[in-house]
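Q: Provided herewith is a single structure, encoded as structure tokens, for subsequent inquiry.
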Amino acid sequence: MKRETEFVPTKLARFTSRVVSLAQKAVVGEPDPAYQAGDGGYADWVIVAIHGLREYLDHPYRRLLDVLHEMPGIVAKLDLAVTELPDFTTVCTRKQDLKMRIWRVLLRLSAELHDTGDVQAIDATGMDRIAASQHYAKRTNYTFQAVKVTTLIDCDTNAILDIHCSMKQPHDSKIGWQMVKRNLYKLSILTADKGYDWWLLRQRLRAEGVKPVIRHREFGWYGVANNILQDDTIYHQRSNVESTFFALRRKYGEIVRARTWFGQFRELVLKCAVRNIEVSVSHSGP
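Residue numbers (UniProt numbering): 1 to 286.
Written out as structure tokens, the structure is:
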């Protein structure tokens, strides 16, 4: 007898299903139909999901839509027919119209796909950017060639819990509290390097029931003594942030390509959300 082989969804199909589900949850209220003729156009969640696919497949807009025309099964997960796919210019333009809230909710939902552990870490890096227009450079008084990106991750799963982007170079400790206070319910132990050495940050963390494992700057015996007393096993988990930065650059590119500062922020948040989804799909297996 001929054995029937069980159909196993591809990793791309599983990723698409997951990004569509999260995109629908990220929009306000009941998700609109995927496409409505006339003024309705394409639902926000469809545009968000297509952008997730673009990051995942690492294709330019035009090539992505060409590829999707040859993938009716993947397109069907968007609740569209191949003939109903939007033009690549529509996908590109609509991204700028979507509010930052949607992209941030997508990131939060993608982080919730992971069961977080007891230790979280925070650190910053610079992401190279293509030259923005002179108009935006003057308006933001921006002269740096990189976007400062601070991420909060879970050290057990490497899930990216939150991200902060800046066109300037604010001090790490100030950004640290800004990110921590909106993620307190996710934190148990927070580890960070000397850039986050601020007594008020430690005090606030302890008041919220979060244990800080943050290196002290060694200006005297007090800093040296406190560093000796710290749990090195916990502190060195901070290196997971650097591994996450490396993985983001390797998979999704080292350069942010949007030409406006708000477009660059959206691009970075989306990259983090897509990484969370991809990791969850890889760990879940076929």
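By construction, the Cβ of each residue, glycine as well, lies at the ideal position given by its N, Cα and C atoms.
From H51 to V91, what distance separates their C-alpha atoms?
A: Going from the Cα of H51 to the Cα of V91 covers about 8 Å.
Q: Terminal residues of the continuous alpha helix (DSSP H) containing P170?
A: First-last for P170: undefined, no H or E at that position.
Q: Pull up the distance between the alpha-carbon of S282 and that of I122, whole angstroms please.
A: The straight-line gap from Cα to Cα measures roughly 24 Å.
Q: Quick one: give me the first and last residue of the alpha helix (DSSP H) that V46 is part of.
A: Its alpha helix (DSSP H) spans residues D44 to L57.
Q: Rank K168, D39 and Q24 by C-alpha distance to the C-alpha of T150 and give the top, closest one.
A: Here the closest residue by C-alpha is K168.
Q: Under the rule that 16 or more other beta-carbon atoms within 10 Å means buried, what is A192, buried or exposed?
A: It is buried - the Cβ of A192 has at least 16 other Cβ atoms within 10 Å.
Q: With 16 as the cutoff for other CB atoms within 10 Å, does H164 come out buried or exposed?
A: Buried is the call here.
Q: Does DSSP classify D66 as helix, strand or coil?
A: The answer is helix: DSSP assigns D66 an H, G or I state.
Q: Distance, Cα to Cα, N276 vs R182?
A: Taking the straight line joining both Cα atoms gives about 19 Å.
Q: Would D118 pass as a contact of I189 if the rule is Cβ separation under 7 Å?
A: Yes, the Cβ-Cβ distance between D118 and I189 is below 7 Å.
Q: Just to confirm before moving on: does the CB-CB distance between V27 and D39 stay below 7 Å?
A: No. Outside cutoff.
Q: Could you tell me how far apart the beta carbons of A49 and A81 are, in whole angstroms, since I believe they sit closer than 8 Å?
A: With a Cβ gap of about 16 Å, A49 and A81 do not count as contacting.
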